[in-house]
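To start, the structure under review is shown below, and the notes come after it.
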Amino acid sequence: MSQTQAPAPAPAQAQEESQSGTQEEEKKEKKRRRRIKAVFFDFMGTCLDWHSGVVDALPAAIPASTRSQMALDWREEFFRELHDRSARGLPPEDIDVTHRRTLLRVLQREDYEEERQHFVAGLEDGSSTTSTTGVPTTTGAPSSSSSIEHAVRSWHKMAPWPDVAPALAALKNEPGLELFVLANGTTRLQLDLVRSSGLGALFSMLFSSELLGVYKPAPAAYERALGLVRARPDEAAMVAAHAYDLRAARALGMKTVYVYRWTDDGTEDMAVVRRENDAFLGEEEKGMQGLLAAIMALG
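Residue numbers (my numbering): -4 to 294.
As structure tokens, this is what we get:
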């Protein structure tokens, strides 16, 4: 009894089966690919508009344009101090102490000779004392030294950039993603900032340099945070408005997303920064409005 053989598939059918097999393999490959599960954020500058709050906290007798430039100079001086301390392997200190010291250094510049009177009179007449954090406090009637205290405290209260809360909420709703703050400063600072910004519920954990025992961009800062959340570098992304931060994260194998903010990285070549990172969210990309798509594209 002869057996009937099944007819060979027609060329079109064979092509469809081949394409179907290829698609299945692609789906399997996507499943095998390691996806991003931890997203770390720098905080001040990246998520928070530090400039507006600091400008408002500087003495109102100083013209607004001068206060704006003073705030930018203060920020740059702070970063110089931070990088110097990191390069020398010094442990993190109270950020209020660093901010006070760098503000006084900025006020010694010739450019701010006239503005200095609004800050230093209290220090010169001896009417101030020093708190446990190293920030001067006044006794008796308010004096000009209280302007220093007020300015230093302004770094503890900031509003988020308008594009931040919706972007974080969209990421938070994505299954399998956890969001963390990874920033230089103290834990007290971060607690104050998540409260004043209203962003606290969107983060699973706050990692400060004080908590980790080391400043960014030291590799240990990222390695310790990754270890604590049990994530490999290729499972994590760093989001920041600071090129130095992302260069360090990228060197360890993390994915990197640069967020352009006009207040930070004024000396960086943005064309270079764009090429260096996995994603660049500038004005054309509408800032963090493109963050969810950028993170999903990473894996």
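Where a beta carbon is used, it is the ideal one built from N, C-alpha and C, also for glycine.
Identify, in the order they occur along the chain, each residue of the same chain with its Cβ nearer than 7 Å to the Cβ of lysine 32, setting aside the five sequence neighbours on each side. Gly171, Leu172, Glu173, Ala226 and Glu230
Output yes or no for whether 8 Å exceeds the beta carbon distance between valine 252 and valine 268. no
Which runs of the alpha helix (DSSP H) at least 4 residues long sit entirely within the segment 190 to 264? Give them in chain order. 204 to 207, 214 to 223 and 238 to 246
Measure the Cβ-Cβ separation of arginine 219 and leucine 207 and say whether it is below 8 Å. yes
How about tyrosine 210 and alanine 243: do their beta carbons lie closer than 8 Å? no
Name the DSSP beta bridge partners of proline 155, please? Leu43
Note down, in chain order, each residue of its chain lying with its Cβ closer than 6 Å to the Cβ of tyrosine 255, except the 5 sequence neighbours on either side. Gly277
Phenylalanine 35 versus Arg245, Glu280 and Pro87, residue with shortest Cα-Cα distance: Arg245
Indicate whether threonine 181 and aspartate 89 have their beta-carbon atoms separated by less than 8 Å. yes
Any contact between the segment 46 to 63 and the segment 195 to 204? By contact I mean 3 or more CB pairs, one from each, below 8 Å. no
Contact check, alanine 288 vs glutamate 263, beta carbons under 8 Å: no
Since arginine 111 and glutamate 72 are thought to touch, with beta carbons under 8 Å apart, how far apart are those beta carbons, to the nearest angstrom? About 15 Å; that fails the 8 Å criterion.
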